[in-house]
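Below is one structure, written out as structure tokens; comments come after it.
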Amino acid sequence: ADPTAYFAEVIAADQKVEPRDWMPEAYRATLIRQIAQHAHSEIIGMQPEGNWITRAPSLKRKAILLAKVQDEAGHGLYLYAAAETLGVSRDELVDLLLAGRQKYSSIFNYPTLTWADMGTIGWLVDGAAIVNQVPLCRCSYGPYARAMIRICKEESFHQRQGYEILHTLAHGTPAQREMAQDSVNRWWYPSLAMFGPPDTDSTHSAQSMAWKIKRFSNDELRQRFVDMCVGQAEVLGLTVPDPGLAWNDERGAYDFTQPDYAELMRVIKGAGPCNRQRMEHRRRAHREGAWVRAAAAAYAAKKEQANKKEKVST
Amino acid sequence: ADPTAYFAEVIAADQKVEPRDWMPEAYRATLIRQIAQHAHSEIIGMQPEGNWITRAPSLKRKAILLAKVQDEAGHGLYLYAAAETLGVSRDELVDLLLAGRQKYSSIFNYPTLTWADMGTIGWLVDGAAIVNQVPLCRCSYGPYARAMIRICKEESFHQRQGYEILHTLAHGTPAQREMAQDSVNRWWYPSLAMFGPPDTDSTHSAQSMAWKIKRFSNDELRQRFVDMCVGQAEVLGLTVPDPGLAWNDERGAYDFTQPDYAELMRVIKGAGPCNRQRMEHRRRAHREGAWVRAAAAAYAAKKEQANKKEKVST
Amino acid sequence: VASRFDFVLGLADDALVAAQRLAEWCTRGPEMEEDIALANIALDQLGAARLLLTHAGEVEGAGRDEDALAYLRDDREFRNCLLVELPNGDFALTMAKLLFLAAYQVPLYTALAGCGDERLAAIGAKARKESAYHLDHASLWVRRLGDGTDESHRRMQAAVDEVWPYTYELFTPDPTTPVDPATLRVDFDSVVSGVLAEATLTVPETSWRPAGGRDGVHTEHLSYLLAELQVLHRAHPGASW
Amino acid sequence: VASRFDFVLGLADDALVAAQRLAEWCTRGPEMEEDIALANIALDQLGAARLLLTHAGEVEGAGRDEDALAYLRDDREFRNCLLVELPNGDFALTMAKLLFLAAYQVPLYTALAGCGDERLAAIGAKARKESAYHLDHASLWVRRLGDGTDESHRRMQAAVDEVWPYTYELFTPDPTTPVDPATLRVDFDSVVSGVLAEATLTVPETSWRPAGGRDGVHTEHLSYLLAELQVLHRAHPGASW
Numbered sequence: 170a171d172p173t174a175y176f177a178e179v180i181a182a183d184q185k186v187e188p189r190d191w192m193p194e195a196y197r198a199t200l201i202r203q204i205a206q207h208a209h210s211e212i213i214g215m216q217p218e219g220n221w222i223t224r225a226p227s228l229k230r231k232a233i234l235l236a237k238v239q240d241e242a243g244h245g246l247y248l249y250a251a252a253e254t255l256g257v258s259r260d261e262l263v264d265l266l267l268a269g270r271q272k273y274s275s276i277f278n279y280p281t282l283t284w285a286d287m288g289t290i291g292w293l294v295d296g297a298a299i300v301n302q303v304p305l306c307r308c309s310y311g312p313y314a315r316a317m318i319r320i321c322k323e324e325s326f327h328q329r330q331g332y333e334i335l336h337t338l339a340h341g342t343p344a345q346r347e348m349a350q351d352s353v354n355r356w357w358y359p360s361l362a363m364f365g366p367p368d369t370d371s372t373h374s375a376q377s378m379a380w381k382i383k384r385f386s387n388d389e390l391r392q393r394f395v396d397m398c399v400g401q402a403e404v405l406g407l408t409v410p411d412p413g414l415a416w417n418d419e420r421g422a423y424d425f426t427q428p429d430y431a432e433l434m435r436v437i438k439g440a441g442p443c444n445r446q447r448m449e450h451r452r453r454a455h456r457e458g459a460w461v462r463a464a465a466a467a468y469a470a471k472k473e474q475a476n477k478k479e480k481v482s483t
Numbered sequence: 170a171d172p173t174a175y176f177a178e179v180i181a182a183d184q185k186v187e188p189r190d191w192m193p194e195a196y197r198a199t200l201i202r203q204i205a206q207h208a209h210s211e212i213i214g215m216q217p218e219g220n221w222i223t224r225a226p227s228l229k230r231k232a233i234l235l236a237k238v239q240d241e242a243g244h245g246l247y248l249y250a251a252a253e254t255l256g257v258s259r260d261e262l263v264d265l266l267l268a269g270r271q272k273y274s275s276i277f278n279y280p281t282l283t284w285a286d287m288g289t290i291g292w293l294v295d296g297a298a299i300v301n302q303v304p305l306c307r308c309s310y311g312p313y314a315r316a317m318i319r320i321c322k323e324e325s326f327h328q329r330q331g332y333e334i335l336h337t338l339a340h341g342t343p344a345q346r347e348m349a350q351d352s353v354n355r356w357w358y359p360s361l362a363m364f365g366p367p368d369t370d371s372t373h374s375a376q377s378m379a380w381k382i383k384r385f386s387n388d389e390l391r392q393r394f395v396d397m398c399v400g401q402a403e404v405l406g407l408t409v410p411d412p413g414l415a416w417n418d419e420r421g422a423y424d425f426t427q428p429d430y431a432e433l434m435r436v437i438k439g440a441g442p443c444n445r446q447r448m449e450h451r452r453r454a455h456r457e458g459a460w461v462r463a464a465a466a467a468y469a470a471k472k473e474q475a476n477k478k479e480k481v482s483t
Numbered sequence: 472v473a474s475r476f477d478f479v480l481g482l483a484d485d486a487l488v489a490a491q492r493l494a495e496w497c498t499r500g501p502e503m504e505e506d507i508a509l510a511n512i513a514l515d516q517l518g519a520a521r522l523l524l525t526h527a528g529e530v531e532g533a534g535r536d537e538d539a540l541a542y543l544r545d546d547r548e549f550r551n552c553l554l555v556e557l558p559n560g561d562f563a564l565t566m567a568k569l570l571f572l573a574a575y576q577v578p579l580y581t582a583l584a585g586c587g588d589e590r591l592a593a594i595g596a597k598a599r600k601e602s603a604y605h606l607d608h609a610s611l612w613v614r615r616l617g618d619g620t621d622e623s624h625r626r627m628q629a630a631v632d633e634v635w636p637y638t639y640e641l642f643t644p645d646p647t648t649p650v651d652p653a654t655l656r657v658d659f660d661s662v663v664s665g666v667l668a669e670a671t672l673t674v675p676e677t678s679w680r681p682a683g684g685r686d687g688v689h690t691e692h693l694s695y696l697l698a699e700l701q702v703l704h705r706a707h708p709g710a711s712w
Numbered sequence: 472v473a474s475r476f477d478f479v480l481g482l483a484d485d486a487l488v489a490a491q492r493l494a495e496w497c498t499r500g501p502e503m504e505e506d507i508a509l510a511n512i513a514l515d516q517l518g519a520a521r522l523l524l525t526h527a528g529e530v531e532g533a534g535r536d537e538d539a540l541a542y543l544r545d546d547r548e549f550r551n552c553l554l555v556e557l558p559n560g561d562f563a564l565t566m567a568k569l570l571f572l573a574a575y576q577v578p579l580y581t582a583l584a585g586c587g588d589e590r591l592a593a594i595g596a597k598a599r600k601e602s603a604y605h606l607d608h609a610s611l612w613v614r615r616l617g618d619g620t621d622e623s624h625r626r627m628q629a630a631v632d633e634v635w636p637y638t639y640e641l642f643t644p645d646p647t648t649p650v651d652p653a654t655l656r657v658d659f660d661s662v663v664s665g666v667l668a669e670a671t672l673t674v675p676e677t678s679w680r681p682a683g684g685r686d687g688v689h690t691e692h693l694s695y696l697l698a699e700l701q702v703l704h705r706a707h708p709g710a711s712w
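These protein sequence lines are chains V, Y, C and H, in that order. Under my numbering, the first residue of the first sequence is numbered 170, with each subsequent residue one higher. Under my numbering, the first residue of the second sequence is numbered 170, with each subsequent residue one higher. Under my numbering, the first residue of the third sequence is numbered 472, with each subsequent residue one higher. Under my numbering, the first residue of the fourth sequence is numbered 472, with each subsequent residue one higher.
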């Protein structure tokens, strides 16, 4: 059978491509790039929230936040494992990240300045991630789709926790309320930018749609996110910091001000407030852990050697 | 003239021995040991107070404390310079300290747990130091005596500042008052121990008295210190934590409970709460500064070389 | 002689301060799996701390809940052993601390699980299983590092040397408490000496036995740890989170 | 456009945060003389901060004194530039920060000394002399380290590369303030480029120009610094010291 035709049939029938199947090199490369970027985002994304674990204002919140950041490490590991089914190793991918040759989500290049950011990251950033990721649960590549199903369940749990943090703050003391609104003001537009450049400028989208890696355009997802947030903001009693926000009866959707895509491009290219800090933090952990990993490898080798000898002698 | 006789005459006449003068080797060695220990104490003694500079509770107190710790560095430098007049270099002495072969005052091996300790160190620790040091202003070795005159002036300034901190706390909120009393409770006996073992056990005293390096015995100075503190504690409204404290009409002095000299010996031998921490802190600063000192030396050598060339070519 | 309140608080503060130090590792572990493992252990310690603090508050009967006890005491009121408040140092130091803590907590919680106090017994029964995992994890790493490379052996031995003196405080006798700490020493020694021997490490000789944590006389490190732990809670008196 | 209050607060917070970072060096300097020098510079910065904070409180007219402004604002209310809040790093990084700060403060305080506001002019006149000493001190060290050993050259260049992007924020134009920061750039560039050239160092090329400090949008480092600075004062509301 012609593998190209078989691949096309599987895609057309909305079935899954599996690691054993033939696939076009560009499909493989696109998936590796996307899954790796997604995995890197989980790992780098631990930092902005990790920044508040030691200062969480109640023991319950401390436990929830620590568990959340731990989940993100777990997501990173699933995703690296999914990428490995495409014939690339986690170590290679991590090296590409550390060398600055693969990206992670730009949102994590903004600083977490207050505790309210733990709420807003859950509500807006995880919220945007979910809107992006739910369609990926139907992605044409099986291992990625299955990883996303598992991740999306935990993400919506995280999103509810973030929403609850913000809700508590918005209904707390005046200082807490102000902290919550300030945080939403800082994160709103960067969250909108998480969906990527507008469709008119989006480079990879058409091919990804055809391959059923991607199911909706950037602008479609962004609109869905805005429509979802407006009602939630009302319940929170917080203001979306967009004077242009208005219901459009004709479109059956909210009109809104677009994020500053020039800023997005600058941040992607390395000029966000925390790009250097995030990368240096990751590099330092990697560098300072090198002797530990070397010791674990040396120990494992010694044990293996000892086992072999034992087998030979018995 | 017989140098031994000349030396004996100078001592007998209460005049000063100067660096150019002949002196017995044991006199020189005793002075080097004592001045070096004194210098090391100033340098190590910066740590317990340095611990509170970044957390000082008002900007005025922060400035006073920073200036005080800076003064201690200055005292260390005068004293190393005084020791150098005896034919030993500062670098050698610092190496002896870092190698654990010379001591510093054991009092600095106790931790500073609260802000009130900044007051108590000033009042009791600097107070005890002054009682010890005022007689040293008449020490038979000129450079040491002159360094002590300068240092004693600043120390009594520091002591007043410490006393003022405690006074403010003792007349502040209940929590501040409690903090002050707790601090005095912790530092009282270690301060008494600063005068060294009781005269019956003191090893170096007799010869030092004969050489007029030392003027009063450990127990005489300790008594003087207790008698001084009791009245000051009353003004502060704080309790000296000694149930045995009582005026003795016959002796014209206070009876008091002796400090635990076994504890003093343990701390001197390295088993105080902070001995390891203080030494490791100093060693780390020295180690981490090595590349800076090397750079300064290399730069100076280059400049000297350049100057020479310039002189030759002109 | 510690009151029942002080006894429970001591165990609670051990767990709370250990959790805080372990949480400092988050995003800094030597490999990703270890980030997850350390967070897990931190979560266990934090969970035990919350149960114990709540119980301590009940024993005291002054209306203090877990957060009042965690966030509104200063270091002179904390009752944790000095071992847990020491800075993390490198990974070897953290593993030495964890090994000694777990080797103490396993027999402690086991004994607690069988004690007459129903609440403490329930907490002990839950926590001892978690501590057994902590002990396994730390033992594995101590063996790997001790018997790994020359550098890891050197670091691991240095860590054991540095931390060992702080273990004595854990076993200060007090027969009036539900579990006399002195009775736990045999178990601790047998477990720890086994692990160290397998790891080709030696137990240092020292006459220095720092103590004071159970009486609120800590190292200079604890007040910095608490400043960070408590900063936000204290900045908003009376707020809910 | 900054209000007069914000303008004065910006200068005050620069000095206060710089003093706090320099004070962190105390007992950690590479040589004893340097411990003294860094404490001196910290004291100068602290002194300027106190005058400026007091003046800011008067301008505001809400009864806040230097301590209320230093100890009872959170990081979103601080107006210092990002440069001064960056962690100390190694000695080279600290000297790079100090060089750039002093090369900015010298023309700033000089201009202030000649401005129409009598109080600001008096503060500027006092502080500019101190800043000139800071500039000399930092310049000397940057030359020593840049033109010292291979290692010191490498460290010094890395420090300049790391800190340089933060200098742009210092000169954000604002013609409504007593001294428009943009006017100070020429002086700064001429001094700094001279020192770097003598030190055999190069000015990095970068299009990254982080900013936000003057609007209270800081790095993640500042809130930790303030937690430590403020912990004791905040733990005892209303107390005198």
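Beta carbons are placed, not taken as given, at the ideal position from N, Cα and C, and that holds for glycine. Fair warning: this is a prediction, and the values are worked out from it, not measured in the lab.
Checklist line | Simplified DSSP assignment, three categories, for residue 635 of chain H | finding: Helix, per DSSP.
Item checked: C-alpha gap between residue 538 of chain C and residue 232 of chain V, whole angstroms -> Roughly 13 Å separates the two Cα atoms.
Notebook entry, point to check: Hey, how far is the Cα of residue 235 of chain V from the Cα of residue 642 of chain H?
Noted result: Rounded to the nearest whole angstrom, the CA to CA distance from residue 235 of chain V to residue 642 of chain H is 40 Å.
Checklist line | residue 536 of chain H (DSSP reduced to helix, strand or coil) | finding: It is coil, neither helix nor strand.
Notebook entry, point to check: Rounded to a whole number of angstroms, what is the C-alpha to C-alpha distance between residue 660 of chain H and residue 595 of chain H?
Noted result: Rounded to whole angstroms, residue 660 of chain H to residue 595 of chain H spans 21 Å at the Cα level.
Next item on the list: Could you tell me which uninterrupted alpha helix (DSSP H) segments, each at least 4 residues in length, are contained entirely in the stretch 396-444 of chain Y, listed from first to last along the chain?
Entry: Qualifying alpha helix (DSSP H) stretches, in chain order: 430-435.
Checklist line | Paired residues, beta bridge with residue 310 of chain Y - DSSP | finding: Per DSSP, Y/186.
Check: Are there 16 or more other CB atoms within 10 angstroms of the CB of residue 484 of chain H, so buried, or fewer, so exposed?
Finding: So residue 484 of chain H ends up on the buried side.
Notebook entry, point to check: With a cut-off of 8 Å, does the C-beta of residue 675 of chain H fall near any C-beta of chain V?
Noted result: Closer than 8 Å: no.
Check: So with Cβ pairs under 8 Å, would you call residue 424 of chain V a contact of chain H?
Finding: Under the 8 Å criterion on CB atoms, residue 424 of chain V is classed as non-interfacial with respect to chain H.
Next item on the list: List the whole-angstrom C-beta distance separating residue 292 of chain Y from residue 332 of chain Y, where the pair is believed to meet the contact cut-off of C-beta under 8 Å.
Entry: That pair is a contact at about 5 Å.
Note to self: Does residue 321 of chain V come out as helix, strand or coil in the three-state DSSP assignment?
What the structure shows: Look at residue 321 of chain V here: in three-state DSSP terms it is helix.
Check: Which residues, in order along the stretch 276-303 of chain V, keep a beta-carbon less than 9 Å from a beta-carbon of chain H?
Finding: Taking 9 Å as the Cβ-Cβ cut-off against chain H, the residues of the stretch 276-303 of chain V that qualify are 280, 281, 282, 283.
Checklist line | Presumed contact (8 Å Cβ cut-off) between residue 254 of chain Y and residue 188 of chain Y, rounded CB distance | finding: Between residue 188 of chain Y and residue 254 of chain Y the Cβ distance is about 4 Å, and since that is below 8 Å, they are a contact.
Notebook entry, point to check: Between the stretch 432-455 of chain V and chain C, which residues of the former have CB atoms less than 9 Å from a CB of the latter, in chain order?
Noted result: Result list: 450, 451, 453, 454, 455.
Margin query: 8 Å is my cut-off, CB to CB: does residue 370 of chain V come that close to chain H?
Written below: For residue 370 of chain V, no CB of chain H lies under 8 Å from its own CB, so it is not counted at the interface with that chain.
Note to self: If the cut-off is 9 Å on Cβ atoms, which residues from the stretch 524-548 of chain C count as contacting chain H, listed in chain order?
What the structure shows: Here the close residues are 545.
Check: How about residue 492 of chain C: is its C-beta nearer than 8 Å to some C-beta of chain H?
Finding: With 8 Å as the cut-off, residue 492 of chain C does not count as an interface residue toward chain H.
Next item on the list: Could you work out which residue in C/560, C/552, C/561, C/543 is closest to residue 576 of chain C when comparing CA atoms only?
Entry: Out of C/560, C/552, C/561, C/543, C/552 has the C-alpha closest to the C-alpha of residue 576 of chain C.
Note to self: Would residue 489 of chain H and residue 572 of chain H be called neighbours here (beta carbons separated by less than 8 Å)?
What the structure shows: Cβ atoms of residue 489 of chain H and residue 572 of chain H: closer than 8 Å.
Check: Any Cβ of chain C within less than 8 Å of the Cβ of residue 429 of chain Y?
Finding: At least 8 Å separates the CB of residue 429 of chain Y from every CB of chain C.
Margin query: On the DSSP letters alone, give me the boundaries of the alpha helix (DSSP H) that residue 604 of chain H sits inside.
Written below: Run containing residue 604 of chain H: 589-617, per the alpha helix (DSSP H) assignment.
Item checked: Spatial distance of residue 176 of chain V from residue 298 of chain V (CA atoms) -> C-alpha separation (whole angstroms): 29 Å.
Notebook entry, point to check: Leaving out the 5 sequence neighbours to the left and right, which residues in its chain are closer than 7 Å to residue 534 of chain C when beta-carbon positions are compared?
Noted result: If we look at residue 534 of chain C and ignore the five residues flanking it on each side, it has no Cβ neighbours.
Check: For residue 501 of chain H versus residue 462 of chain Y, is the C-beta distance shorter than 8 Å?
Finding: It is a contact, given that the beta carbons lie within the stated cut-off.
Check: When DSSP labels each residue in this structure, what does residue 123 of chain V get in the three-state scheme?
Finding: With chain V covering only 170 through 483, there is no way to say anything about residue 123 of chain V.
Notebook entry, point to check: What do you get for residue 714 of chain C, buried or exposed, if any count of 16 or more other CB atoms within 10 angstroms of its CB means buried?
Noted result: Any property of residue 714 of chain C remains undetermined from this structure, which presents chain C solely from 472 to 712.
Checklist line | Members of the stretch 335-362 of chain Y that neighbour chain C once the beta carbon cut-off is set at 8 Å | finding: Of all residues in the stretch 335-362 of chain Y, only 351, 355 place a beta-carbon less than 8 Å from a beta-carbon of chain C.
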